Amino acid sequence: MKRLIQLLILLIPVLSFAQDKPDLIITNGRIIDGTGNSWFRADIAIKGDKIMSVQKGLTSLYPSVKQLDAKNMIVSPGFIDVHAHIEGGIFERPTADNYIYDGVTSVVTGNCGGAADDIGDFFRKLDSMGTSINVATLAGHNTIRRLGMGLDNRKATPEEMKKMEALMQKAMADGAVGLSTGLIYLPGMYSPTQEIVDLAKVAASHGGVYATHMRYEGTKVHEAIDEALTIGREAKIPVQISHFKVTGKNNWGRSSETLGMVEEARKQGYDVTIDQYPYTASSTNLAVRLPDWSLEGGLDSLRVKMKDPVQRKRILDGMKASQKADRQKDYSYAVVANWAPDSTYNGKSITQINVDQGRKKNFLNEANLILDMLAKSNAQMIYHTMSDKDLVYFMKYPFNMPAADGGVSNGKGMPHPRGYGTNARVLAKYVREEKVIGLEEAVRRMTSLPATKFNLKGRGLIHEGMNADILVFDENTIQDMSVYENPHQFTKGIEYILVNGKLVIEQGKHTGVRSGQALKN
Numbered sequence: 000m001k002r003l004i005q006l007l008i009l010l011i012p013v014l015s016f017a018q019d020k021p022d023l024i025i026t027n028g029r030i031i032d033g034t035g036n037s038w039f040r041a042d043i044a045i046k047g048d049k050i051m052s053v054q055k056g057l058t059s060l061y062p063s064v065k066q067l068d069a070k071n072m073i074v075s076p077g078f079i080d081v082h083a084h085i086e087g088g089i090f091e092r093p094t095a096d097n098y099i100y101d102g103v104t105s106v107v108t109g110n111c112g113g114a115a116d117d118i119g120d121f122f123r124k125l126d127s128m129g130t131s132i133n134v135a136t137l138a139g140h141n142t143i144r145r146l147g148m149g150l151d152n153r154k155a156t157p158e159e160m161k162k163m164e165a166l167m168q169k170a171m172a173d174g175a176v177g178l179s180t181g182l183i184y185l186p187g188m189y190s191p192t193q194e195i196v197d198l199a200k201v202a203a204s205h206g207g208v209y210a211t212h213m214r215y216e217g218t219k220v221h222e223a224i225d226e227a228l229t230i231g232r233e234a235k236i237p238v239q240i241s242h243f244k245v246t247g248k249n250n251w252g253r254s255s256e257t258l259g260m261v262e263e264a265r266k267q268g269y270d271v272t273i274d275q276y277p278y279t280a281s282s283t284n285l286a287v288r289l290p291d292w293s294l295e296g297g298l299d300s301l302r303v304k305m306k307d308p309v310q311r312k313r314i315l316d317g318m319k320a321s322q323k324a325d326r327q328k329d330y331s332y333a334v335v336a337n338w339a340p341d342s343t344y345n346g347k348s349i350t351q352i353n354v355d356q357g358r359k360k361n362f363l364n365e366a367n368l369i370l371d372m373l374a375k376s377n378a379q380m381i382y383h384t385m386s387d388k389d390l391v392y393f394m395k396y397p398f399n400m401p402a403a404d405g406g407v408s409n410g411k412g413m414p415h416p417r418g419y420g421t422n423a424r425v426l427a428k429y430v431r432e433e434k435v436i437g438l439e440e441a442v443r444r445m446t447s448l449p450a451t452k453f454n455l456k457g458r459g460l461i462h463e464g465m466n467a468d469i470l471v472f473d474e475n476t477i478q479d480m481s482v483y484e485n486p487h488q489f490t491k492g493i494e495y496i497l498v499n500g501k502l503v504i505e506q507g508k509h510t511g512v513r514s515g516q517a518l519k520n
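Counting from 0, one number per residue, gives the positions in the sequence shown under numbering that gives the first Met the number 0.
Here's what the structure looks like:
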C-alpha cells in the first residue's frame with residue numbers, strides 16, 4: 000500500500016501535465032498583443048476556447064502538440080468592429096465572410112437606433128444557428144420608440160415613456176451592451192434630448208454604453224456633438240460617437256473644431272470616444288435627403304404626401320434648401336448602392352440616372368427622380384461628401400476605433416466597400432503606405448480599445464486566460480480589395496483566424512467553422 004501511494008504521488012505531476020496539455024501552439028510569429036506595446040516573440044498555447052499560455056519555448060515543452068507556424072507574420076487579437084448592422088444578414092449568411100476575411104472576429108450590432116425587437120430572442124437564434132463571429136448588440140432607440148409609441152412626430156406621454164423604459168430595462172437584462180440612437184432616422188428624429196437621457200440612465204444602471212448616430216453631421220454638427228455630450232453627462236454613461244465625420248463641402252476643415260469638443264470633454268473627465276470608417280463616402284438610405292417632417296408615419300405616409308401638389312412642392316423646397324446649405328448644385332455625389340425595383344440603377348449617381356432617362360441636368364429633375372424612386376421603394380445609397388484631410392485628422396486621434404458601419408454581405412448590389420475592407424484599408428493605406436499611425440497603435444484601436452469600451456470581457460488582448468480570438472497576417476501584403484466599382488472582393492493577406500480557439504480561416508480560406516459566441520452584457 001505504501002509503495003502504491005508513493006507511485007500515485009509521483010504520477011500527480013504527469014496527470015496534471017496531461018490535463019494542461021494545449022490543443023494548439025502558434026509559433027514563430029511576432030505578437031502584437033493589443034496593448035499598443037511593441038511586438039515581441041513568443042509561442043501561444045491554446046486549450047479549448049482560451050489562451051493557455053504566452054511564453055517562449057512552449058513547442059519544446061509540448062513537442063507532440065499540433066503547431067501553427069506563423070512564419071514571422073504578425074499575430075494579433077481578432078479585430079472588434081463596434082459599429083455593425085447584421086440583424087438580418089447574419090441569419091442569411093452565418094459565416095459572415097466579408098467580416099471574417101477582414102480580420103473581424105467580434106461585432107457590436109444594433110447601431111444607429113436599429114436593433115432586434117427582442118434581444119433575448121435574437122441571442123437565442125444566434126446560439127441555435129451558430130455563427131463564425133462573436134456578436135454583441137446594443138438596444139436600438141428607434142426600435143424601442145417604434146414599439147412604445149409608433150412613428151409619430153411628438154413627445155411621448157408619461158405612460159409611453161414608462162413602456163419605453165421597461166423595454167430598455169428588458170433589453171439590458173437580456174444582454175444588450177448599451178443604447179444606440181440614430182437621430183436622422185424614423186422615429187428617433189422626433190425625440191427630445193430628455194427622452195434619450197431617461198433611456199440612457201437605464202442603460203447606465205446596467206453598466207452600458209451610449210452610442211449615437213448624431214442628429215447632424217454637417218452644418219449643425221457642433222450642436223449634435225453638444226447633445227451627445229449632454230446625454231453622457233446627465234445620464235452618467237460612457238459615450239461613443241458613431242462614424243465621426245463632417246459632411247458637405249461647406250464644412251470641410253472643421254475637424255479640429257469637432258474633435259476639439261471630444262478632447263475637451265475627456266479632459267473634463269467624461270468617457271467619450273469615437274469610431275470611423277477610412278473612406279470619404281458615407282452610406283445610408285435615400286429617404287434621408289428629404290425634410291424630417293415629410294417622413295412622419297413612414298414611407299407609406301410619404302407617398303400620400305407626394306401625391307398632393309402643395310405637399311410635394313414643400314418637400315422639394317426643403318430638399319433645395321438642404322442642398323444649398325451643403326453647397327451642392329446637384330446630386331452627383333449620391334450614388335445608388337442597391338435599389339430593388341431596377342438593378343440597372345446600382346452604381347450610378349442620381350445625376351447620371353436622370354440624364355440616362357433623357358431629362359435635363361438640373362436640381363428639380365433630379366429631386367423629382369428621388370421622389371419617384373421613393374414612391375416605389377427606398378434605396379441604399381453611397382454619398383461622396385467628405386474630405387480626406389478631415390478623415391486623416393480624425394484617424395490620428397488615439398481614442399478612435401475603425402468600424403465598417405456595414406452588414407453581412409449577400410453579394411448583391413453595389414454596396415460601400417467599407418463592408419469588406421475597413422480594417423485592411425487602415426493597415427495597408429494609413430499604416431503601411433501613408434504612415435499616419437503605427438502598426439501596434441492601429442491594432443490597439445481594433446482590439447483592446449473597443450473591447451474595453453463595450454465591456455467585452457475576455458476579448459481584445461493576447462494574454463493568458465483570454466478568449467482565443469487570434470489573427471495571423473502579413474503586414475506587408477494585407478490589402479483591402481473592395482472598391483466602389485467592384486465592391487464584392489475579400490481582403491487579402493490574412494492567413495489564419497481563430498475564433499474561440501477554432502480555425503475559421505486556414506491558409507487564407509474560410510473553413511466554414513461557426514465557433515462564434517453571443518457576447519452578453
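Glycine is no exception: its CB is placed at the ideal position from the N, C-alpha and C atoms.
All values derive from a computational prediction rather than experimental measurement.
In the structure shown, P76 falls within a strand segment according to DSSP collapsed to helix, strand and coil.
Checking the DSSP bridge columns, you'll see K501 partnered with V498. Residue burial annotation: P308 is exposed, with fewer than 16 other C-beta atoms found within 10 angstroms of its C-beta. Around A441, the same chain offers V425, L426, V430 as residues with beta carbons nearer than 7 Å, after the five sequence neighbours per side are excluded. Inter-residue distance for A324 and S255 is about 21 Å (C-alpha atoms, whole angstroms). When secondary structure is reduced to three states using DSSP, A69 falls in the coil class, being assigned neither helix nor strand. The residue among S204, V74, N454, P277 with its C-alpha nearest the C-alpha of D387 is P277.
Residues I25, T26, N27, G28, V471 of the same chain have their beta carbon placed closer than 7 Å to that of A69, with the five preceding and five following residues left out of the count. Put simply, the backbone Cα of Q322 is about 26 Å away from that of P340. Taking a C-beta distance under 7 Å as the contact criterion, A403 and D126 do not qualify as a contact pair. Residue ranges of uninterrupted alpha helix (DSSP H) with 4 or more members, entirely inside the region 243–312 and ordered along the chain, are 254–266, 298–306.
With respect to A165, A138 sits apart: the two C-beta atoms are not nearer than 7 Å. M413 and K375 have their C-alpha atoms roughly 19 Å apart. Counting along the chain, no beta strand (DSSP E) covers D473, and no H or E run does either. If you draw a straight line from the Cα of V107 to the Cα of A517, it comes to about 10 Å.
Secondary structure at N353: helix, using DSSP grouped into helix, strand and coil. A direct Cα-Cα distance of roughly 21 Å separates S52 from S514. The continuous alpha helix (DSSP H) containing D389 extends over residues 387–394. Looking at the backbone, the Cα of T257 and that of M394 are separated by about 13 Å.
Taking C-alpha positions only, G177 is separated from A467 by approximately 25 Å.
Excluding five sequence positions before and after H509, the CB atoms of its chain that fall closer than 8 Å to its own CB belong to T94, D96, I99, Y100, S131, V503, given in chain order. If you draw a 10 Å sphere on the C-beta of T490, you find 16 or more other C-beta atoms in it, and that means buried. A203 counts as buried, since at least 16 other C-beta atoms from the protein chains shown sit within 10 angstroms of its C-beta.
One alpha carbon belongs to G511, the other to E91, and they sit about 14 Å apart. Taken through DSSP and simplified to helix, strand or coil, F39 comes out as strand. Taking each of K20, Y344, Y396, M128 in turn and checking the Cα distance to I43, the smallest one comes out for K20. With contacts defined as CB atoms closer than 7 Å, N361 and L285 fail to qualify as a contacting pair. L289 and V354 have their C-alpha atoms spaced approximately 21 Å apart.
The continuous alpha helix (DSSP H) containing K169 extends over residues 157–172. Classified as exposed, R326 has fewer than 16 neighbouring CB atoms from the shown chains inside 10 Å of its CB. At a Cβ-Cβ threshold of 7 Å, P186 and R144 count as neighbours. In this structure, DSSP gives G420 a helical state, which the three-state scheme calls helix. The residue among K456, H82, T142, D371 with its C-alpha nearest the C-alpha of G206 is K456. Apart from the 5 residues on each side of it in sequence, H383 sits with its Cβ closer than 6 Å to the Cβ of A280, Y332 in its chain, given in chain order. Counted as a single uninterrupted DSSP element, the alpha helix (DSSP H) harbouring S447 occupies residues 447–452. In the displayed model, R145 falls within a helix according to three-state DSSP.
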